[in-house]
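Below: the structure, in structure tokens.
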Amino acid sequence: MGTSASRKNIEMRRSPRRVFSRPIGVLCDGHYKLAQAIEISEGGIRFVSDTRFAKDERALFTIVIPGGDSVVVRGTVIREIEGPNRTFEYGCQFQSLGLHQRRAIRSYVSAKTQEEAEVEADEGGY
0 MGTSASRKNI EMRRSPRRVF SRPIGVLCDG HYKLAQAIEI SEGGIRFVSD TRFAKDERAL
60 FTIVIPGGDS VVVRGTVIRE IEGPNRTFEY GCQFQSLGLH QRRAIRSYVS AKTQEEAEVE
120 ADEGGY
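To convert, note that position 33 of the sequence shown is 32 in numbering that gives the first Met the number 0; the numbers rise steadily by one, no gaps.
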């Protein structure tokens, strides 16, 4: 069971999320880096990287959705958590998501499997 603080964060989320364990591209300050996504929603993406990004820093994300859709979207770093072995976990909020991009992500998230939903419920969300 999660803490009351984590429950509050889950309740504040505007969009449903889905596990998204895939590589993504992150273009920031003219440098292109690969990162590992953790989860995705219409509102943003959570990922892990060995590159440090500053809070409020803007980036361009290249995301390939299972099924073939590619999404390129601007986002802003809103959260950073230092992880093990000099890795960092980031929460980024998407900016100005276009209709095609929104539909591609929504379709992927809404196809969440029953197993994923049960794991999420058991863990109290992400």
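Glycine included, C-beta positions come from ideal geometry on N, C-alpha and C.
Only residues of its own chain outside the window of five on either side were considered, and among them 36, 38, 39 have a CB closer than 6 Å to the CB of residue 19, listed in chain order. Under a 10 Å Cβ-count criterion, residue 96 is classified as buried, with 16 or more other Cβ atoms of the shown protein chains found around its own Cβ. Residue 61 places its beta carbon less than 8 Å from that of residue 71. Inclusion of residue 54 and residue 76 in the CB contact set at 8 Å is warranted, their separation being smaller than that value. Inter-residue distance for residue 122 and residue 115 is about 11 Å (C-alpha atoms, whole angstroms). Burial check for residue 58: the Cβ neighbour count within 10 Å reaches 16 or more, so the residue is buried. The continuous alpha helix (DSSP H) containing residue 98 extends over residues 98-109. For residue 122, the three-state secondary structure derived from DSSP is helix. The C-alpha of residue 43 lies about 7 Å from the C-alpha of residue 90.
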